[in-house]
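In this note's numbering, the protein residues as written are 140 to 202.
Shown next, in the form of structure tokens:
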């Protein structure tokens, strides 16, 4: 197993760790004009079930 020869200084350690950033989650507006809620990209809308032009969840129609 590889082991460092010298101890890494605090400034080098902290400058290396400064790159461990997270990015904000990108949300998009639902394509359904009746819904228009924000949801994650490339996923179906959790409120109406629409994914782009397709309806992924079946609607139960009452007679």
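Note that CB positions come from ideal geometry on N, CA and C, so glycine has one too.
Item, Value
"Reduced DSSP category for residue 146 - H, G, I as helix; E, B as strand; rest coil", "coil"
"Own chain partners of residue 173 with C-beta closer than 8 Å, once the 5 adjacent residues on each side are dropped", "187"
"Reduced DSSP secondary structure (H/G/I, E/B, other) of residue 152", "helix"
"Short Cβ contact (9 Å threshold) for residue 179 with residue 161", "no"
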